[in-house]
Amino acid sequence: MGYRIPEETIESIRRSVDIVEIVSEYVQLKKQGRNYFGLCPFHGEKTPSFSVSPEKQIYHCFGCGAGGNVFSFLMEMEGLTFIEAVKRLAPKANIDLSHIDDRPTANGTETAAMIAAHNLLKKFYHHLLIHTKEGQVALDYLLSRGFTREIIDQFEIGYALNSWDAATKFLASKGFSLQLMEKAGLVSKKEEDGSYFDRFRNRIMFPIHNHQGETVAFSGRIVGSGEPKYVNSPETSIFNKRKILYHFHEARLHIRQKQQAVLFEGFADVIAAVRAGIHHAVATMGTALSEEQARTIRRNAESVIICYDGDRAGVDATLRAAEMLAEAGCYVKVATMPEGLDPDDYVRQYGPERFKADVIDASISLTAFKLNYLKKGRNLQDESERLRYIEDAVKEISQLNNAIEVDHYLRQLANEFSISFDVLREQIKSYERTRKKAQKKIEIPRPVANTKLLPAFHNAERMLIAHMLRDKEIALTVQNAIQGAFNIEEHRAIVAYLYAFYEEGNEPDVSSFIERLPDSHLKGVATELSMLLINEHVSEAELRDYIQCVLNYPKWQMLKQKEEQLREAERQKDYKQAAMIASEILMIKKSLHSISSSFGRRGIDG
């Protein structure tokens, strides 16, 4: 056994799997014409520039240049090896690869072994909680906190024995390297003698899954009293707190259906929300919301409800998360919690129905939340306090870009405090004038974007390769005419691989071809070229013009060089040398073909 997968099996998987379906698990796609578009998962953007072609079975981002087929997409998204990506997709193609390798703990990659160990230990912990007398105290505690057996099973909650080596012995008995298990954050090592012991002991275990549903970490809550209350997995090669949202693997479908996510601070809050019927709930990993997490939410939903604790720290965290989500392009609302209560406490105290109705469904806009926050601690019966609040509120409203929202909140403010709407509107204009002046003072000149068209020879090479990717005969014609004499290095590499691809008897298939390319940059260039808009039937004259343009470019470069040498010889009054160079220039000009295509009219010398 090993990781050798036959080429025909890989090709069968690639042809059987629809790239649109796979990408849609990560990116919200909308069909436009023949392709699908969405926000690029590889870089932050507000306007969709990420395109997926069902016809070619490839993707390409016109913003960052990423591109490839279904295998490279998974490799980029999940940090998988090629083999891991193939194995991930095999079940979707109804292809059994168990005979390739059925012992990830012994023969697989470190990543596969780490994930396998976490998944196995999760089942072990869950069994201990549900089916053993040692786990009864932990089970009784959960039931007393309102957890049901259904919720315990759904979230695969478990129990780690009050033992120094129960999990260590269990993992070793299954063939896992304890050195690797330490790296995975499941066991620890004693400095004195180098022996290993369990990281989690006498704790209720909450598994943490990546966005594909694989267990990659744990959070363990102590049973009874003691410190620390929680012990969490460290960050590892399979667990990055900034990238993972708790419960996202199960919430994704509900988020997409509602086009909304509810964001919490911790996993206990998510579990409480699910108990209340809020299945589109996710949480950060005990840290502030990251840009990666904000982009993940935006790719799957248009709006977000933030439901953090009602204390000062929770409000500050809400404002930071809201700013980041708004920057990612989300419409943000806030569910306000009574101070001193977190969502888990609220559900236990008032019940799930009231939590859903009075907290989540009663969420308010971000601006309304900010205005309410500005009122806190102020005596609005006092005139000076009231005027300061109104001034701060107008400043906040002036930050809005939507004219309708500005009008709405100004009218609300005017009605609440019996102030002239026109006066408030004039104050908004005053703030805008002040802000524009300040921006002018600190404005730093930015370089003008280079909108210059690509040189003619560069465009000619791009168009040639675009046609060659779609037509084997055109590729053969170009090969006979110029071989690999392309002027752009990455173009030379792509056509070399393309010639070999066709010589092996393959028919045009961009998705299959890019699998031959050795790095992601070349794959990105090839996918971009394959998505160029070109005439399906290129004329011989057009093809000849492209070829001549490519071949003539080095001659034009040489001609420029010789003309400079001629001018220098004349300055030096070296007339003999000047005559020789003039003769060479004449020979070069004679060798140049005249080009009558549109490329030639735009300037063949680039």
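The working numbering puts the first residue of the sequence shown at 2, with every later residue one more than the last.
Yeah, the Cβ is synthetic: ideal placement off N, Cα and C, and Gly gets one too.
{"Asked": "Just the Cα atoms here: how many angstroms apart are residue 136 and residue 164?", "Found": "12 Å"}
{"Asked": "Under 8 Å Cβ to Cβ from residue 371, same chain only, skipping five residues before and after it: list those, please.", "Found": "320, 397"}
{"Asked": "Helix, strand or coil: how does DSSP classify residue 89 here?", "Found": "helix"}
{"Asked": "Near residue 494, which residues of its chain fall below 7 Å by C-beta distance, leaving aside the five closest residues on each side in sequence?", "Found": "523"}
{"Asked": "Going along the chain, which residues of its own chain have a beta-carbon closer than 6 Å to the beta-carbon of residue 326, five neighbours each way excluded?", "Found": "295, 305, 333"}
{"Asked": "Do the CB positions of residue 554 and residue 488 come within less than 8 Å of each other?", "Found": "yes"}
{"Asked": "For residue 605, which residues of its own chain have a beta-carbon under 8 Å away from its beta-carbon, when the five flanking residues on both sides are left out?", "Found": "With a pLDDT of only 34 at residue 605, under 50, the local geometry of the prediction cannot be trusted, and no value is derived from it."}
{"Asked": "Compute the Euclidean distance between the alpha carbons of residue 446 and residue 50, then round it to the nearest angstrom.", "Found": "For residue 446, the pLDDT reaches just 42, beneath the cut-off of 50, and the residue's location in the model is therefore unreliable, leaving the point undetermined."}
{"Asked": "Quick one: which unbroken beta strand (DSSP E) runs of 3-plus residues sit fully inside the segment 29-74? Chain order, please.", "Found": "31-33, 36-39, 51-54, 59-62"}
{"Asked": "Pull up the distance between the alpha-carbon of residue 107 and that of residue 181, whole angstroms please.", "Found": "With a pLDDT of only 37 at residue 107, under 50, the local geometry of the prediction cannot be trusted, and the value read off the model is given with reservation. Approximately 11 Å, taken between the alpha carbons."}
{"Asked": "What alpha helix (DSSP H) runs, 4 residues minimum, are completely inside the segment 389-440?", "Found": "404-418"}
{"Asked": "May I ask which residues mark the beginning and end of the alpha helix (DSSP H) holding residue 247?", "Found": "Note, residue 247: premise wrong, no alpha helix (DSSP H); not H, not E."}
{"Asked": "Any heavy atom of the ligand COA within a distance shorter than 7 Å of the CB on residue 519?", "Found": "As presented, the structure is devoid of all ligands, the ligand COA included, so that no description of it is given."}
{"Asked": "Check whether the segment 87-96 touches the segment 50-69, counting contact only when three or more Cβ pairs, one atom from each stretch, lie closer than 8 Å.", "Found": "no"}
{"Asked": "Do you know whose CA, among 496, 428, 148, 142, lies nearest residue 271's CA?", "Found": "148"}
{"Asked": "From residue 11 to residue 261, what distance separates their C-alpha atoms?", "Found": "37 Å"}
{"Asked": "Taking 8 Å as the cut-off, decide whether the C-beta atoms of residue 127 and residue 216 are in contact.", "Found": "no"}
{"Asked": "Within the continuous alpha helix (DSSP H) that includes residue 301, where are the two ends?", "Found": "292-301"}
{"Asked": "Taking 7 Å as the limit between beta carbons, can you name the residues of its chain near residue 532, skipping five residues before and five after?", "Found": "52, 54, 61"}
{"Asked": "Helix or strand or just coil, what does DSSP make of residue 216?", "Found": "strand"}
{"Asked": "Roughly how many whole angstroms lie between the Cα atoms of residue 353 and residue 276?", "Found": "7 Å"}
{"Asked": "Taking the straight line between their C-alpha atoms, what separation do you get for residue 368 and residue 28?", "Found": "28 Å"}
{"Asked": "Classify residue 197 as helix, strand or coil using the three-state DSSP reduction.", "Found": "strand"}
{"Asked": "Distance, Cα to Cα, residue 390 vs residue 335?", "Found": "21 Å"}
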